[in-house]
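**Student:** Attaching a single structure in structure tokens format; questions to follow.
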């Protein structure tokens, strides 16, 4: 239980890494949106860049829309998005099926359910995110109609930080989704070193949402930032989430952290586009901390399911870092939150966008 | 909409800062728990320390249990917890009722709803958290029965960090809920400086939960860390949440970040007690970044509801920092999450605690 | 758990018969609706007619709006509606507190929770419906703005059926909410006989909703008729619900039961205004079967909480029939369903009303 | 929106009549239950008896379990149950795609969504119930472990009523799921007459649940009878639901309708096994009114989507009555409700069954 997300725009995902299929059912999508296999596939392909440095496992990941779309348009009924698992070889997991891989969910799944599908990590595999990304594509279409765009990029990998953030549009074309080409090269070097060492690294992803109208978010528990935090923290490997200035705000003062306001609008964006849990009309900015991939070749101590000590070295086609593949997943989750709250706000208000900054806009 | 929290242990809060009352309805609490006004009041009193450095506003905050408790025990029916607002003087807000205070939710509430209760910040006031803390007291009683304890403390205020964390039990008795007495003194000095400057500061709160059985949390969207992130980010002023190593994990390697396992249990706790979104049986560790109080005496630029420029200086009985008052609120939210997931896990499993580390425990 | 109703327009009720208070929290109500104590009180007063034949217990039932309304208008935040219990004397329940009253929920509450508030029936008392009716008043205001009106009436009491249904507006002024004055007299006679015999009777209530736009209801599980059935069956004493022709449709043929369609609209309304779980724009018609009040003076067999046989005769200020007091409760529940679905439909559609019957309407 | 059912045992269905597939995702099923394709298929086959008098359309309906089951057992993760639509020919719907079939949801889907999948009725087709029945099979397995069995039968078709109800176990083997063989023959005759007349009929289905422990159901809105009413009314063609004596209780007196209690247990079951919305431990009895199939060969008046008058005669492979095919659907919905409430009760109580009737049981 816990595989459904959203109140009005609702997504239910299913599927294990080496099971028959992974996928999602999107319920509550408004009718008359253009959706096609190709449109959804684009997002799935971003998740599977097939680029250097990411896992060589070739995931065809061809999406099959099994319901909810008629003559190229959504009908208002549930949209089932199914991706068959192919290229699956569970044999290499046979030898470690009785061991709890450190940093993985093997132990906790066993503790919770009393049994687990050990093939490829089962439901706790990153493979699960296929359903999120497919559903996120539907949300993307809905948001496009409202003028909202969501873009993620790599801010940091293995301690190497992108410094030039003046051309974020470059991220989409970069192998590591990093907008700073020079930093991307250094990140790639760092990934190579780590791989050779049999180790792994983490990093930081930033997602920004532009065009979000003021008014989205439902205090006090379904605040927009609270929902974003939940959505992003629910992604495997994410260990921290911050909005706007985030943890830096903890060391700031009110006079510098407050975003002062003029007739032209807010004069800074330390808030990250959210005040009191409600979008302010500014760009929404959120960052997530991604831990190192727990599967490493270096030998580690663990126990088996009987509690006996064992050594484990996880080899195979594993990524060295969850970034860049996690970037489209983060975008998808932000889109799911925004799509849901866009509909929620529509329910109580005919006007979605509150025009207060008339002065500034007449200039722009 | 968005004022209900939890799936089985469900809390609905209500109330504005200067309205008639604030409170909560707890639905889904198991029967036969001992609950009294006094027990709930203890938690409310922690939120209102009446100590130096916090707001001089005297909040009586006497809780009234209006339903759901009979002869000192919960009956399984909804528990209404109501606190009348007293000592309320809205007149000082008259002069700024038409201005959007920078860093506050005035603008976004206006944008969302088209009107707002400007008295004392209305629903966006920290006063709202009375309902959270009262409900959290009920959750505390439930968790006590399961051997779970939740304790928060001040890790950092205005850049001053607690270094000695070897006696966390000292936090409860400290004026700033800081376990490091020396750091607490420096924090107090820092607060004094800031107050004299007409400014404010933020800080970092850490919450730990001990005795949590392995198995709590519901992948993939209702993972325990995801729910904690949502719960804590929903508190006003919180701009970041991290679990275990959190953002530091982003700069770590797999070999150092993975918690290796021996027959005696996990050998470190970078995970913060949660793997794959499910509790591991280790201590749960979560930290939140708290932004500076936005109400400052220093003059700031803003606009009025017609978009005209204005100056604003917020004076009155305001705290300089949301800490320490936010600490019991953070504890309450962690308790609400754990109580809900304890019940959720009970629904699918007769045994709550999975005993795998038999070796280590027979020693201890 | 189970005390919250609705997805967007959400109501949480609380309170026991002889506890301190009963009430409701309405979350998700759109802002800017005019709501006052007086407006809510009107509905509460309908539930407490103070007329002949109903329980002599004088319930002041003065509602207190503790939050969510500012300067006479809803603000979009939770609306707490609280009614103190006065005129409460639990002493007469002392003698039967250990007995399970036949037809009551005493036994099942004990079985479910292991303990129960026996004073006045606790949470299982009809007193609980005060919260429903108060919340329903808020829904009524929302529906008024959309041109929707909901009216209930007494169709049958103790086997006496209202035959003249051509002037339903007369029901509101009738002591038994019966639109047929002659039938109402016979019903009153029947109630008198039954009372003298120490017995009780049931009846049938019909509720109609006019002005409901086509398009409300969410297949396949949250169909409008499904939600109405749940809403009405959740009222104590209700044992059956039917829509339109209802059980009579089971004995009909397709050719007579289908509502044929002309350019002027539907030519009959066997469907009761709902097709495929979605409102058709016709009047919504629903009926509920109300069982006899289980509290009777006649002696009955029962057991005590130790399983020993006992005799029980329930005397005191009890109604002989749940009608007419249940009529406003039925109206309230229908309003809560419609308010919720009105908001749900707004979320996916800008136009609420689909105009297809242009021909018929240009004539009218 | 509205395609998810249940709070803990949660089912999300998807699929159109002539789309690619129909199915369900079951989330929240406890781990370690034995589930196989064959087990689910048994229930799907009951829905498709392949017997005389039902639609000749041959539905292979082979279920594919795409996730959540490992080595023949549930793992606690979502169970995706998918049935491809085969034998689909939409061409015969081409000619009426612009007409609103009387008694169908064509008009209301168009009004709600602005467009619709007209092929075979799209989402409003009875084909949708495949997902319910597949999910219901999983619930059945869960209930078996708790000693609960659910069985439905045909009480009435076209005015012909089953009189002999002393051997309900005969229903499963009867072509019309009727336990009274003589009545079944008359029902078959009636169906033949109606079919020859180009018309259709309705009927009444009764479902009974045995072995349900006392204590299931969550007052005040999620009462067990309220949830059953919603679950059953959500099935297409159902226009009424009653519990126990149902509408007959409306004409009864308290002295005859109350189920008196002795040390051996309840002495009658007018309540239908539910008191105050909570199961009493007695057999649960619920009946549903099924309207005549709206698709009839007889010519009817309607309009097209432009509002112009038209004649329509619906021919093809349609059933004359929704019974018997609806019987397994009704069983499935009752199982889904009971499975959900069984888990909900487990969450708050270690003991599921309250033993009060010790006297009676020691005899039996």
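Chains as they are written, first to last, in the working numbering: chain A, 1 to 364; chain B, 1001 to 1364; chain C, 2001 to 2364; chain D, 3001 to 3364. No residue lacks a Cβ here, since even glycine has one placed at the ideal position from N, Cα and C. Because the structure is a prediction, the values reported are computed rather than measured.
Run through the segment 2265-2308 of chain C for me and flag every whole beta strand (DSSP E) of 3 or more residues, listed as ranges in chain order.
**Tutor:** 2284-2290 and 2300-2303
**Student:** List the residues of chain B that residue 309 of chain A touches, going by C-beta distances under 8 Å, in chain order.
**Tutor:** Scanning chain B for C-beta atoms nearer than 8 Å to the C-beta of residue 309 of chain A yields 1262 and 1263, reported in chain order.
**Student:** Against chain B, with Cβ distances strictly below 8 Å, would residue 2315 of chain C count as a contact?
**Tutor:** no
**Student:** Can you tell me which residues form a DSSP beta bridge with residue 310 of chain A?
**Tutor:** A:302
**Student:** Could you name the residues of the same chain whose beta carbon sits closer than 7 Å to that of residue 1093 of chain B, not counting the 5 residues immediately before and after it, in chain order?
**Tutor:** 1118, 1119 and 1120
**Student:** Give the interface partners of residue 248 of chain A over in chain C, defined as CB-CB distance under 8 Å, in chain order.
**Tutor:** What residue 248 of chain A touches in chain C: nothing, since even the nearest Cβ is about 31 Å away.
**Student:** Spell out a yes or no on whether the segment 1279-1294 of chain B and the segment 1206-1220 of chain B are touching, meaning 3 or more CB-CB pairs, one atom from each, closer than 8 Å.
**Tutor:** Enough Cβ pairs lie closer than 8 Å, so yes.
**Student:** Could you pull out every residue in the same chain whose Cβ sits closer than 8 Å to the Cβ of residue 3196 of chain D, ignoring the five residues on either side in sequence?
**Tutor:** none
**Student:** Where does residue 292 of chain A land, buried or exposed, given buried means 16+ other C-beta within 10 angstroms?
**Tutor:** buried
**Student:** At the level of alpha carbons, what is the spacing between residue 1062 of chain B and residue 1204 of chain B?
**Tutor:** 29 Å
**Student:** Does the beta carbon of residue 3104 of chain D come closer than 8 Å to any beta carbon on chain C?
**Tutor:** At a cut-off of 8 Å, the C-beta of residue 3104 of chain D has a neighbouring C-beta in chain C.
**Student:** According to a CB-to-CB cut-off of less than 9 Å, which residues of the segment 189-203 of chain A neighbour chain B?
**Tutor:** 194, 197, 198, 199, 200, 201, 202 and 203
**Student:** Using a Cβ-Cβ cut-off of 6 Å (strictly less than) and excluding sequence neighbours within five positions of residue 1080 of chain B, which residues of its own chain qualify?
**Tutor:** 1025, 1066 and 1067
**Student:** Based on DSSP bridge pairs, tell me the residues matched to residue 10 of chain A.
**Tutor:** Under DSSP, residue 10 of chain A shares a beta bridge with A:27.
**Student:** Looking at the unbroken beta strand (DSSP E) that takes in residue 2154 of chain C, where does it start and where does it end?
**Tutor:** 2149-2157
**Student:** Is the segment 1335-1349 of chain B close to the segment 1148-1159 of chain B, with three or more CB pairs under 8 Å?
**Tutor:** yes
**Student:** Taking the alpha-carbon positions, what's the residue 1266 of chain B to residue 326 of chain A distance?
**Tutor:** 27 Å
**Student:** Below 8 Å, can you find three or more Cβ-Cβ pairs linking the segment 3244-3257 of chain D to the segment 2187-2201 of chain C?
**Tutor:** yes
**Student:** Excluding the 5 residues preceding and the 5 following residue 295 of chain A in the sequence, name in chain order all residues of the same chain whose CB lies nearer than 6 Å to its CB.
**Tutor:** 314 and 318
**Student:** For the structure I just gave you, are there three or more beta carbon pairs, one from the segment 2298-2305 of chain C and one from the segment 2185-2193 of chain C, closer than 8 Å?
**Tutor:** As far as the Cβ criterion goes, the segment 2298-2305 of chain C does not touch the segment 2185-2193 of chain C, which means the pair count is below three.
**Student:** For residue 2346 of chain C and residue 346 of chain A, I'd like the C-alpha separation in whole angstroms.
**Tutor:** 7 Å
**Student:** Using the beta-carbon count (16 or more within 10 Å), is residue 192 of chain A buried or exposed?
**Tutor:** exposed
**Student:** Please work out which residues of its chain come closer than 8 Å, Cβ to Cβ, to residue 1020 of chain B, disregarding the five sequence neighbours upstream and downstream, and give them in chain order.
**Tutor:** 1084 and 1085
**Student:** Taking all protein chains shown into account, decide if residue 316 of chain A is buried (16 or more other Cβ within 10 angstroms of its Cβ) or exposed.
**Tutor:** exposed
**Student:** Alpha carbon to alpha carbon, how far is residue 137 of chain A from residue 39 of chain A? Give it in angstroms, no decimals.
**Tutor:** 7 Å
**Student:** Select from C:2183, C:2257 and C:2134 the residue whose C-alpha is nearest the C-alpha of residue 2160 of chain C.
**Tutor:** C:2183
**Student:** Got a sec? Which residues, its chain only, sit under 7 Å from residue 2359 of chain C by beta carbon, not counting five neighbours each side?
**Tutor:** Low confidence applies to residue 2359 of chain C: its pLDDT is 40, below 50, so where it sits in the model is not reliable, and the reading given next is rough at best. Correct list, in chain order: 2263 and 2264.
**Student:** Give the DSSP-derived three-state secondary structure of residue 2965 of chain D in the structure shown.
**Tutor:** As shown, chain D starts at 3001 and ends at 3364. That puts residue 2965 of chain D outside it, with no answer to give.
**Student:** Quick one: Cα of residue 1348 of chain B to Cα of residue 3330 of chain D, how far?
**Tutor:** Cα to Cα, residue 1348 of chain B sits roughly 25 Å from residue 3330 of chain D.
**Student:** State buried or exposed for residue 1144 of chain B, treating a residue as buried only when at least 16 other CB atoms are found within 10 Å of its CB.
**Tutor:** exposed
**Student:** Do residue 2328 of chain C and residue 2133 of chain C have their beta-carbon atoms positioned less than 8 Å apart in this structure?
**Tutor:** yes
**Student:** Could you work out which residue in C:2289, C:2243 and C:2261 is closest to residue 2271 of chain C when comparing CA atoms only?
**Tutor:** C:2243
**Student:** From this set, A:71, A:5, A:15 and A:41, which residue's C-alpha is nearest residue 31 of chain A's C-alpha?
**Tutor:** A:71
**Student:** Any idea if residue 2016 of chain C is buried or exposed, counting beta-carbon neighbours within 10 angstroms, 16 or more meaning buried?
**Tutor:** buried
**Student:** When DSSP labels each residue in this structure, what does residue 349 of chain A get in the three-state scheme?
**Tutor:** Three-state result, residue 349 of chain A: coil.
**Student:** Rounded to whole angstroms, what's the CA-CA distance from residue 3175 of chain D to residue 3048 of chain D? Just pull it up for me.
**Tutor:** 11 Å
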